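**Student:** Be aware that the sequence shown starts at 1, since it is given in our numbering, and climbs by one per residue.
One structure is given below, represented as structure tokens, and several questions about it will come after.
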Amino acid sequence: APFTVADVPLLDEAAELLGDLDEAGVRRRAEADREHRKATDNAEHALANMHQSLEDVGADGIVTAAQLTDFNAVTQHRMTAAEAATADRTWAYGHVVVDEAQELSPMQWRVLMRRCPMKSFTVVGDIAQAGSATAARSWQDALEPFVGERFVHDELTVNYRTPAAIAEAAVDVARA
């Protein structure tokens, strides 16, 4: 049977623990690493050649060879950040927004935490609406294993999903 979305956290965990078992993938990564080193060397030479010009305009040292290499790699392949993230299992994000977060299992949280090393998240959900047997019973249960007590729990006081007229009608029906 083909893999499902539910299999992704387990496959990701296995890949993290076992490493890459695909020899062709290992060779591709080794070749990519060689190309990256070569491109970085070229960028260092280019920056050295431009040193005086950059210094004259006060821009020397603002861009490193590694930054130039990474920028050129992205623009050369014309990949969006979303495409690059899809192609690279180890892609990391600076901030992640999680909607319906009450549905996430501990393994799914592990995947997200691995992809966001800064642990910067906006988590939206209603624990009371969790439908999964693996869902946490509280936000503390969900987040503490990964961030300790370093999270802020704020409750929304304004309903942005239901128009006021519908909410008022629902209250009237409930009171009747």
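Cβ atoms here follow ideal geometry from the backbone N, Cα and C, with glycine treated the same way.
Note that this is a predicted model, so its numbers are computed, not measured.
Please report the residue range of the alpha helix (DSSP H) in which F151 lies.
**Tutor:** For the purposes of this step, residue 151 is identified with residue 151 of the sequence shown, where counting begins at 1. From DSSP, F151 is part of no alpha helix (DSSP H); its letter is neither H nor E.
**Student:** Let's see if you can read the secondary structure: which residues bound the alpha helix (DSSP H) around V8?
**Tutor:** Indexing the sequence shown from 1 puts residue 8 at position 8. Start and end: 8-18.
**Student:** Could you give the residue range of the beta strand (DSSP E) that holds F146?
**Tutor:** Numbered from its first residue, the sequence shown carries residue 146 at position 146. Segment 139-147 is the alpha helix (DSSP H) holding F146; no beta strand (DSSP E) there.
**Student:** When you compare the region 138-151 with the region 99-116, are there three or more beta-carbon pairs, one atom per stretch, that lie closer than 8 Å?
**Tutor:** Because the criterion of three Cβ pairs below 8 Å is met, the region 138-151 and the region 99-116 touch.
**Student:** Please name the residue, chosen from A66, S120, D88, that lies closest to A43 on a Cα-to-Cα basis.
**Tutor:** For the purposes of this step, residue 43 is identified with residue 43 of the sequence shown, where counting begins at 1. When each option's Cα is compared against that of A43, the closest is A66.
**Student:** Between V217 and D12, which are expected to be in contact by the criterion C-beta below 8 Å, what is the C-beta distance as a whole number of angstroms?
**Tutor:** What is shown of the chain runs 1 to 176, which leaves residue 217 out entirely.
**Student:** What residue ranges within the region 90-138 form continuous beta strand (DSSP E) runs of no fewer than 3 residues, ordered along the chain?
**Tutor:** Whole beta strand (DSSP E) segments, 3+ residues: 96-98, 121-123.
**Student:** May I have the straight-line CA-CA distance separating V173 from A82, to the nearest angstrom?
**Tutor:** Looking up residue 173 in the sequence shown gives position 173. Looking up residue 82 in the sequence shown gives position 82. Cα to Cα, the separation comes out at about 45 Å.
**Student:** So the candidates are M113, A85, D56, E16; which of them puts its Cα closest to the Cα of V98?
**Tutor:** Start at 1 with the first residue of the sequence shown, and residue 98 comes out as number 98. It is M113 whose Cα lies nearest to the Cα of V98.
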